[in-house]
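Enquirer:
Residue numbers (the numbering used here): 20 to 313.
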């Protein structure tokens, strides 16, 4: 059964004078989801108050950690992460329906962040996953936080599906890469959605016209993981456009899908800054405070 979002107490998070109450929607997109941290930082710098978060995949992970009040700890860990350490977080799943089990990653994050029950978090939170058997999206907003996160990040063929409450769950981005619907019933001033599947930095709005029989172009063949991630991203990009058009959030922060490969978690510093820059483009710059005595 899909669980409905819950109302958040008005005193859960501090808010600056003139700031807005924000329902934040964090989309899926692998390592590009690190940009969510920069978006959150910019919202806070503007004096806004995030009172609700819905997310899927990496958006569920960053959003859940923020809701638990542990984002600075996670950000520091990410900024220190090196390429070799990323590889070390992957535990091969021999004979199972996925390349990696995901248990090692979740274990490290649980030790870093601690155990939390979603219903006890200081702000509202919903992680979106996909039920493979019933072929529908599932909203997870009660129970252990890292159960919900593990289910939502289970990228098909990359991570093994996660069994939770009798359901076989995988990445929520499979059906809803920008989960706006859980945020619609919240008592907020603005819904801000972060789309990690936006146009390429060099991409035009109109589809590229390719003439059959033309001059052959040089194509670099991607590896297996790249093909898997590119396949998911192709599907998610099409779905994201439909969701954004259907629900029309107040603000959309667009992060280009060629910002990094889905596994480049060692590029945290530049991805966080990219999120801040893209948030500033969508929401405006932080006002400069006048110096005293001027």
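Where is the CB? At the ideal position from N, CA and C, for every residue including glycine.
As a quick exercise: from 80, 185, 300 and 197, pick the residue whose alpha carbon is nearest that of residue 265.
Expert: 197
Enquirer: Please name the residue, chosen from 48, 205, 213 and 174, that lies closest to residue 59 on a Cα-to-Cα basis.
Expert: 213
Enquirer: How would you write the range of the beta strand (DSSP E) that residue 273 sits in, first residue to last?
Expert: 270 to 275
Enquirer: Within 10 Å of its beta-carbon, does residue 200 have 16 or more other beta-carbons around it, so buried, or fewer, so exposed?
Expert: buried
Enquirer: Residues in its own chain within less than 8 angstroms of residue 40 by CB, not counting five upstream and five downstream?
Expert: 34, 67, 68, 70, 206, 207, 208 and 209
Enquirer: Assuming residue 217 contacts residue 83 (C-beta within less than 8 angstroms), just tell me the rounded distance between them.
Expert: In fact, because the Cβ distance is near 23 angstroms, the residues do not count as touching under 8 angstroms.
Enquirer: Over the uninterrupted beta strand (DSSP E) stretch that includes residue 93, give me the two end residues.
Expert: Residue 93 -> not in any beta strand (DSSP E); alpha helix (DSSP H) instead, spanning 90 to 98.
Enquirer: Would you kindly work out how many angstroms separate the C-alpha atoms of residue 131 and residue 47, rounded to a whole number?
Expert: 22 angstroms
Enquirer: Please state the DSSP three-state secondary structure of residue 134.
Expert: coil
Enquirer: With respect to the alpha helix (DSSP H) encompassing residue 290, which residues constitute its N-terminal and C-terminal limits?
Expert: 287 to 302
Enquirer: Hey, quick one: how far does the beta strand (DSSP E) through residue 42 stretch, first residue to last?
Expert: 40 to 45
Enquirer: Given this structure, state the Cα-to-Cα distance separating residue 175 from residue 288, to the nearest angstrom.
Expert: 28 angstroms
Enquirer: Looking only at its chain, what residues have a beta carbon closer than 6 angstroms to the beta carbon of residue 298, apart from the 5 residues adjacent to it on each side?
Expert: 58, 61 and 272
Enquirer: Output the distance between the C-alpha atoms of residue 293 and residue 184, rounded to the nearest integer angstrom.
Expert: 37 angstroms
Enquirer: Buried or exposed: residue 15, going by 16 or more other Cβ atoms within 10 Å of its Cβ?
Expert: Since the first residue shown for the chain is 20 and the last is 313, residue 15 is missing from the structure and cannot be characterised.
Enquirer: Using beta-carbon positions only, say whether residue 179 and residue 120 come within less than 9 angstroms of one another.
Expert: Less than 9 angstroms separates the beta-carbon of residue 179 from that of residue 120.
Enquirer: Looking only at its own chain, which residues have a Cβ that is under 8 angstroms from the Cβ of residue 282, when we skip the five neighbours before and after it?
Expert: 49, 50, 105, 244 and 248
Enquirer: Let's test the definition: count the other Cβ atoms within 10 Å of the Cβ of residue 267 and tell me whether it reaches 16, buried, or not, exposed.
Expert: exposed
Enquirer: Quick one: residues in its chain with C-beta nearer than 6 angstroms to the C-beta of residue 86, no 5 flanking neighbours on either side, listed in chain order?
Expert: In the same chain as residue 86, and ignoring 5 residues on each side of it, the C-beta atoms closer than 6 angstroms to its own belong to 72, 140, 142 and 144, in chain order.
Enquirer: Per DSSP, what are the beta-bridge partners of residue 163 in this structure?
Expert: 136
Enquirer: Would you report the Cα separation of residue 78 and residue 44, rounded to the nearest angstrom?
Expert: Roughly 8 angstroms separates the two Cα atoms.
Enquirer: What separation, rounded to the nearest whole angstrom, lies between the Cα atoms of residue 80 and residue 74?
Expert: 8 angstroms
Enquirer: Assign residue 267 to one of three DSSP states: helix, strand, or coil.
Expert: coil
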